[in-house]
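> Quick one: the structure is below, and I'll ask about it shortly.
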Amino acid sequence: GWRVDAEPVPLDTEFPQWGDSRYVRLVLASETLTLAEALRHLYVLLPVLDDAKHYWVSADEVDKLLRAGEGWLPGHPEQQLITSRYLSRRWSLTRQAREALELVRLAEADDSEVEEIDNAVGEETEAEEKPTPLAVRRRAAIVGALRAAGAARVLDLGCGQGQLVQELLKDIRFTEIVGVDVSVRALTIAARRLKLDRMGERQASRVQLMQGSLAYTDKRLKGYDAAVLSEVIEHLDLPRLPALEYAVFGHARPRTVVVTTPNVEYNVRWETLPAGHVRHGDHRFEWTRAEFRAWATDVAERHGYDVEFAPVGPDDPEVGPPTQLALFTIRAEKEAKAA
Numbered sequence: 001g002w003r004v005d006a007e008p009v010p011l012d013t014e015f016p017q018w019g020d021s022r023y024v025r026l027v028l029a030s031e032t033l034t035l036a037e038a039l040r041h042l043y044v045l046l047p048v049l050d051d052a053k054h055y056w057v058s059a060d061e062v063d064k065l066l067r068a069g070e071g072w073l074p075g076h077p078e079q080q081l082i083t084s085r086y087l088s089r090r091w092s093l094t095r096q097a098r099e100a101l102e103l104v105r106l107a108e109a110d111d112s113e114v115e116e117i118d119n120a121v122g123e124e125t126e127a128e129e130k131p132t133p134l135a136v137r138r139r140a141a142i143v144g145a146l147r148a149a150g151a152a153r154v155l156d157l158g159c160g161q162g163q164l165v166q167e168l169l170k171d172i173r174f175t176e177i178v179g180v181d182v183s184v185r186a187l188t189i190a191a192r193r194l195k196l197d198r199m200g201e202r203q204a205s206r207v208q209l210m211q212g213s214l215a216y217t218d219k220r221l222k223g224y225d226a227a228v229l230s231e232v233i234e235h236l237d238l239p240r241l242p243a244l245e246y247a248v249f250g251h252a253r254p255r256t257v258v259v260t261t262p263n264v265e266y267n268v269r270w271e272t273l274p275a276g277h278v279r280h281g282d283h284r285f286e287w288t289r290a291e292f293r294a295w296a297t298d299v300a301e302r303h304g305y306d307v308e309f310a311p312v313g314p315d316d317p318e319v320g321p322p323t324q325l326a327l328f329t330i331r332a333e334k335e336a337k338a339a
């Protein structure tokens, strides 16, 4: 997003025949980006261009890179080179940073394509009736499942811009709602959506937004009644799913877990979606009903949960619903042993 003007600086203006020095007079200009953003870019890129750091590179540098790289580094075409050089080619730190940046990139992906498809789905209605968007149906199905489970303290894992958190706040039976996302930007948008800065004290005491990665265990997530993974798993590479599974089902272990994900079989019902394409460019996979059931059943068996399934949206007799939902309930005897 920058226009770059770089003019070589001569070794000596009195002796132009000596040629140029190693330095340039650099001008960065942009009509959309700010000085603060430029300074964050340079904070990362100067040591990268120098390809040397003159102090010990510890794990703290990963957090510094993520903070300074927010909003531009996750999607940068040279992200891997920048990350490696910034962390002095320390393999373990570089891998940790790349995984975190990938999760940020997925979390900050533009959801316009998904919403466009979601909003196009509804039961066949009279011409004058407005169909209910799939996103609205999905949130209603999740809230209904949480109510039926008797959940009061709920985690929205991968909460994005806070649509589900906003819906849960409307029901006073949900006494504590925690939205978790890896993206600071998404959490900032969620805070604005929820009007946290203007919320009354009682209402504000019910909601919390916090940054966290679903690929790592987090003691802050233990002890809740329920957790929701709404349209989250399909944004992860399949080799990363076991880490998420353990973090949620093995470590946090809420009594109830609600998972929703697209049903790829239904994609043929959209004329606007080219054949063989997934619903969003950031989806790493989309499962058939059989594939989702096999995954969910395996996760439930390994971690001591029972699981049942429900359709979300019109349940087509040939290809099923557009969204599939799995409701996991912890087995009491397994929980007693774990305690």
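Oh and the sequence shown: position 172 is 172 in this note's numbering, straight run, nothing missing. Don't be surprised by glycine CBs; every beta carbon is placed ideally from N, CA and C.
Distance check for Pro262 and Ser230, CA to CA, integer angstroms please.
Those two C-alpha atoms are separated by around 10 Å.
> Based on the DSSP secondary-structure assignment, which residues constitute the bridge partners of Val180?
Val180 pairs with Leu157 and Met210.
> Do Asp315 and Pro322 have their CB atoms nearer than 7 Å?
No, they are not a contact pair.
> Compare the C-alpha of Asp282 against each of Ile233, Ala145, Ile142 and Ala135 and name the closest.
Among Ile233, Ala145, Ile142 and Ala135, the Cα nearest to that of Asp282 belongs to Ile233.
> Assuming Leu28 contacts Ala38 (C-beta within less than 8 Å), just tell me the rounded distance between them.
Their Cβ separation, rounded to whole angstroms, is 6 Å, which keeps Leu28 and Ala38 in contact under 8 Å.
> Below 8 Å, can you find three or more Cβ-Cβ pairs linking the region 177 to 189 to the region 238 to 258?
In short, these stretches do not touch, since the Cβ pair count stays below three.
> Report the rounded CA-to-CA distance for Val289 versus Ala190, giving the unit in angstroms.
Per the sequence shown, residue 289 should be read as Arg rather than Val. Distance between the alpha carbons of Arg289 and Ala190: 31 Å.
> CA-CA distance, Val264 and Arg202?
Using only the alpha carbons, I get a separation of about 42 Å.
> Phe177 and Leu187: beta carbons closer than 7 Å?
Before going on, a small fix: residue 177 reads as Ile here, not Phe. Against a cut-off of 7 Å, the Cβ pair of Leu187 and Ile177 comes out as no contact.
> Using DSSP with H/G/I as helix, E/B as strand and the rest coil, what is Ser328?
Checking the sequence, you will find Phe at residue 328 rather than Ser. Strand.
> Taking one C-beta from the region 154 to 166 and one from the region 207 to 219 each time, how about it: are there three or more such pairs within less than 8 Å?
Flag = yes, the region 154 to 166 and the region 207 to 219 touch.
> Taking 7 Å as the threshold (C-beta atoms), are Ala326 and Ala296 in contact?
Yes, the Cβ-Cβ distance between Ala296 and Ala326 is below 7 Å.
> What residues in its chain sit with their C-beta under 7 Å from that of Gly250, if we drop five residues either side in the sequence?
Answer for Gly250: His303, listed in chain order.
> For Val62, which residues from the same chain have a beta carbon less than 8 Å from its beta carbon, with the 5 sequence-adjacent residues on both sides left out?
Taken in chain order, the residues that qualify are Leu87, Leu93, Gln96, Ala97 and Ala100.
> From Ile330 to Ala151, what does the alpha carbon distance come to, in whole angstroms?
Between Ile330 and Ala151, the C-alpha separation is close to 13 Å.
> Return the bridge partner residues of Arg3 from the DSSP annotation.
According to DSSP, which records beta bridges pairwise, Arg3 is partnered with Ala29.
> Note the first and the last residue of the continuous beta strand (DSSP E) segment covering Leu229.
Residues Ala226 to Ser230.
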